[in-house]
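Participant: So that we are looking at the same thing, I have put the structure below in structure tokens.
Numbering (the working numbering), first residue to last: 7 to 171.
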């Protein structure tokens, strides 16, 4: 009769090499991830930190400075001022402080340019008019998004300038 220790040793011998593949997949997921526009920075960082934990579970470790660098590389262009400030001021942040700083920066960007919401009401019953309004609404929404992203980058640059001074 086999003991639990022998069974575990046997299973580890058969399937132990899969952790290398899983570790590789976790690191690959970190390097290929990029924060999507509109996603809160906190949610993005929690997802990245879950990948870091997966790497550690499978027997590898990534030092904190490398983790911070990897996180900064996954951020969108609207965070370029933050990244520039981080590099120029030679900041040395742990992950908890980094999350707080990035959330603060994200809040400053959003409060600086505000967010636009559009509502279009229609009382017409004509199908052609409805289709035209839907198309106009989509076009207006796309134009508003482009305008918001341009003002977002401008606001972020202004914030970093104020932050550096």
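Ideal placement from N, C-alpha and C gives every residue a C-beta, glycine not left out.
In its own chain, which residues sit with a C-beta less than 6 Å from the C-beta of residue 108, not counting the 5 before and 5 after it?
Facilitator: 47
Participant: Tell me, to the nearest whole angstrom, how far the beta carbon of residue 54 is from that of residue 28; I am working on the premise that it is less than 8 Å.
Facilitator: In fact, because the Cβ distance is near 17 Å, the residues do not count as touching under 8 Å.
Participant: Which class does residue 114 belong to by DSSP, given the choice of helix, strand or coil?
Facilitator: Here residue 114 sits in helix by DSSP.
Participant: Does the distance from the CB of residue 50 to the CB of residue 35 come in under 8 Å?
Facilitator: no
Participant: Quick one: using the 10 Å Cβ neighbour count with 16 as the cut-off for buried, is residue 31 buried or exposed?
Facilitator: exposed
Participant: Rounded to a whole number of angstroms, what is the C-alpha to C-alpha distance between residue 89 and residue 78?
Facilitator: 7 Å
Participant: Assign residue 37 to buried or exposed, taking buried as 16 or more other Cβ atoms, counted over all protein chains shown, within 10 Å of its Cβ.
Facilitator: exposed
Participant: Please identify the residue among 85, 17, 99 and 91 whose C-alpha is closest to the C-alpha of residue 41.
Facilitator: 85
Participant: Where are the alpha helix (DSSP H) runs, 4 residues long or more, that stay fully inside the region 17-51, in chain order?
Facilitator: 24-38
Participant: What number of angstroms, rounded off, separates the C-alpha of residue 110 from the C-alpha of residue 14?
Facilitator: 47 Å
Participant: For residue 68 versus residue 74, is the C-beta spacing smaller than 8 Å?
Facilitator: no
Participant: What's the C-alpha gap between residue 106 and residue 63?
Facilitator: Distance from the CA atom of residue 106 to the CA atom of residue 63, rounded to whole angstroms, is 25 Å.
Participant: Return yes when the Cβ of residue 91 is within less than 8 Å of the Cβ of residue 70, no when it is not.
Facilitator: no
Participant: May I have the straight-line CA-CA distance separating residue 43 from residue 83, to the nearest angstrom?
Facilitator: 10 Å
Participant: Closer than 7 Å by C-beta to residue 104: which residues in its own chain qualify, once you throw out the five before and the five after it? Chain order, please.
Facilitator: Shown here for residue 104: same chain residues with a beta carbon closer than 7 Å to its own, the five before and five after excluded, namely 74 and 77 in chain order.
Participant: Between the C-alpha atoms of residue 39 and residue 45, what's the straight-line distance to the nearest angstrom?
Facilitator: Straight-line Cα distance between these residues: approximately 13 Å.
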